[in-house]
Amino acid sequence: MKKSAEKPSNQLQPKQRRAFYHLLLVALALAGGLIGFSLGLDILGYHFIVGLRWVDALLDASMILSGMGPVSPLTSDAAKVFEAVYALFSGLMLIGATGIVLSPVFHRVLHKFHVEERDLK
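Reading the sequence shown from the start, the letters are residues 7 to 127 in this note's numbering.
And the structure:
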């Protein structure tokens, strides 16, 4: 007696797998663009508002965006306000980018459990 050559229903078919990876790549690109825009905005702010050199602005921007905290001491009130606002903005960007990257995975999980759109309403 021959064994069935059918794949189990819980595995992705090649077209579905390709579509999933495509959505994941699009999500990664979108999140990367969001993080890149945020980093660029902070570099400009640190350079023009705080007065740091470009390399120091990149360092401080990267540290704030990654949640590590600032490196350079701030002397003016405008610089301190900028850093406070940007730290809050960076936290939201990190949460948003994480949500964008994980959305295709959650979508795949919902398909795995056979949850239809009408069931979510």
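Yeah, the Cβ is synthetic: ideal placement off N, Cα and C, and Gly gets one too.
Owing to the predicted nature of the structure, the values given are computational and were not obtained by experimental measurement.
Cα-Cα separation, residue i to residue j
| i | j | result |
| --- | --- | --- |
| GLU89 | LEU29 | 34 Å |
| THR104 | PRO110 | 11 Å |
| TRP60 | PHE112 | 39 Å |
| PHE119 | LEU64 | 44 Å |
| ALA37 | HIS117 | 23 Å |
| PRO20 | ARG114 | 14 Å |
| LEU94 | LEU47 | 14 Å |
| MET74 | TYR27 | 31 Å |
| SER44 | ASP66 | 13 Å |
| LEU80 | LEU100 | 24 Å |
| ARG24 | LEU108 | 17 Å |
| ASP83 | LEU31 | 41 Å |
| SER68 | GLN22 | 36 Å |
Closest Cα partner of residue i within the set the options
| i | options | result |
| --- | --- | --- |
| LEU98 | ASP83, SER78, SER72, THR81 | SER72 |
| GLY102 | GLN19, GLY39, PHE119, LEU31 | GLY39 |
| ILE70 | LEU34, ARG114, PHE54, ILE49 | ILE49 |
| LEU58 | SER78, SER44, PHE43 | SER78 |
Beta-carbon proximity list for residue i, same chain, < 6 Å, skipping 5 on both sides
| i | result |
| --- | --- |
| VAL56 | ALA85 |
| ILE41 | ALA103 |
| ILE106 | ALA33, LEU36, ALA37 |
Endpoints, the alpha helix (DSSP H) within which residue i is located
| i | result |
| --- | --- |
| LEU64 | 60 to 71 |
| TYR27 | 20 to 51 |
| SER96 | 83 to 118 |
Neighbourhood of residue i by C-beta distance below 7 Å, restricted to the same chain and skipping five residues each side
| i | result |
| --- | --- |
| GLY51 | PHE88, TYR92 |
Proximal residues to residue i (C-beta, below 8 Å), its chain only, five neighbours per side dropped
| i | result |
| --- | --- |
| HIS53 | ARG59, TRP60, ALA63 |
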